[in-house]
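In my numbering, the protein residues as written are 119 to 529. Each residue gets a CB set at the ideal place from its N, CA and C atoms; glycine is no exception. Here the structure is a predicted model, which means the values were calculated and not measured. A short worksheet on the structure shown next.
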């Protein structure tokens, strides 16, 4: 206190001495503080509570794995079956190696339509003398184009003066030789030409999400998976969301269409009777908590890593998220990797609940995130940080105490 200055007298302020409006304002402050305790509560579990799951039994039967501590427990990447392995072109059929097999559509089958033409050398006796000129220019040759013949269930077709000729399982050259042999002695040096008009026996069926489901005939050129899909008008759904499936006898194998397009080895040759199905398979994971964007996030059939998944939601919120509180909830197939001697809850098909914790403060985590593959139905939760809870509390205080101080200063 300065010399000569009057002493300062401190007055005790009682509740009764306050103006009624000030009392009301203080009551509002107390009510707001009580509400702040509720408002600042996190919408999800804290990192400590999740990590206490396996120790304190808060959620008994749920396996918690800290990938930063146990990277060996990283889930193995999903491996799609390979068409090139399931349907190798070197596989045996009919006791012959693939290189010795007949090309699809090369042999005639039941339901096929044939065009048969018989040419007789001059002097023609059965098929009209002088009807045409031969390639050598000799007159007097005869020719007869028979009506289109459909191979019946007996596997044979009728040819005048030759009778029923078995054609099923033969090539067009073999059929021509068989007919010529039957006409020998009846026609003068007969020559026969046989062509396959409509191929019904050697075909594949294309169904599913294509422009037009249809049967696609196979030619000796050997159609492949993408050829059949293109013949059906192409996939009607986005390529990155489409799976293509081949059914050949008891074998059923599916792969992402995008992989078949990018890897020529998977664009295998088709065989008669194959069924090619295309269908959209939409995969997604859900993000909750302090991520920059929350909600359901779709991803392509070829898969997505955790690093890319975080990129799609624009990462974590700078001032809200706890970088050590990133958790992925997943139902896993039981295997030796997850066995720990404890009794775990079981879900559909015997799957067990697993929580993976990721510490984004650890630089090694960013390498793990590039190999950690997301799966359909995963739930990614980002916990709030302690400073975030304080900021929520302070925001409520600032919105209530400051106006009250202004009211008090007015008295």
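When rounded, the separation of the alpha-carbon atoms in residue 181 and residue 336 is 53 Å. Counting C-beta pairs with one atom in each stretch, the segment 282–295 and the segment 354–367 have fewer than three that are closer than 8 Å, which means they do not touch. A buried status is given to residue 389, since no fewer than 16 other beta-carbon atoms sit within 10 Å of its beta-carbon. Between residue 408 and residue 439, the beta carbon gap of about 4 Å places them in contact (Cβ cut-off 8 Å).
For residue 395 and residue 226, the gap between their C-alpha atoms comes out near 26 Å. In terms of CA proximity to residue 449, 494 leads the group 325, 340 and 494. Pairing residue 432 with residue 483, the inter-Cα distance amounts to about 17 Å.
Taking each of 376, 341, 357 and 397 in turn and checking the Cα distance to residue 386, the smallest one comes out for 341. Here the C-alpha atom of residue 421 lies approximately 46 Å from the C-alpha atom of residue 288.
Under DSSP, residue 502 shares a beta bridge with 439.
For the pair residue 275 and residue 232, the CB atoms are nearer than the 8 Å cut-off.
With fewer than 16 other CB atoms across the displayed protein chains lying within 10 angstroms of its CB, residue 316 is exposed. By the C-beta density criterion, residue 381 is exposed, having fewer than 16 other C-beta atoms within 10 angstroms. With contacts defined as CB atoms closer than 8 Å, residue 267 and residue 228 fail to qualify as a contacting pair. Inclusion of residue 423 and residue 359 in the CB contact set at 8 Å is not warranted, their separation being larger than that value. Residue 417 counts as buried, since at least 16 other C-beta atoms from the protein chains shown sit within 10 angstroms of its C-beta. Secondary structure at residue 476: strand, using DSSP grouped into helix, strand and coil. For residue 370, the closest alpha carbon among the candidates 428, 481 and 203 is that of 203.
The Cβ atoms of residue 475 and residue 445 sit closer than 8 Å to each other. Boundaries of the beta strand (DSSP E) around residue 311: 308–316.
Counting the other Cβ atoms within 10 Å of the Cβ of residue 485 gives fewer than 16, which makes it exposed. In this structure, residue 332 lies near residue 324, with their beta-carbon atoms less than 8 Å apart. The beta-carbon separation of residue 373 and residue 201, rounded to 6 Å, stays under the 8 Å limit for a contact. Contact annotation: residue 346 and residue 322 have beta-carbon atoms nearer than 8 Å. By the neighbour-count criterion, in which a residue is buried when 16 or more other Cβ atoms sit within 10 angstroms of its Cβ, residue 481 is exposed.
Just so you know, the alpha carbons of residue 397 and residue 404 end up roughly 23 Å apart. Pairing residue 327 with residue 244, the inter-Cα distance amounts to about 54 Å. Residue 360 is bridged by DSSP to 398. Here the C-alpha atom of residue 430 lies approximately 22 Å from the C-alpha atom of residue 355.
Less than 8 Å divides the Cβ of residue 410 from the Cβ of residue 435.
For residue 392, the closest of 240, 338 and 368 by C-alpha to C-alpha distance is 368. Excluding the 5 residues flanking it on each side, residue 500 has same chain C-beta neighbours closer than 7 Å at 407, 408, 409, 434, 439, 443 and 444, in chain order.
Residue 236 and residue 353 have their C-alpha atoms spaced approximately 44 Å apart. Beta-carbon to beta-carbon, residue 307 and residue 239 are separated by about 4 Å, close enough to satisfy the 8 Å threshold. Secondary-structure assignment with DSSP links residue 322 through a beta bridge to 334.
Residue pairing by DSSP puts residue 423 in a beta bridge opposite 491.
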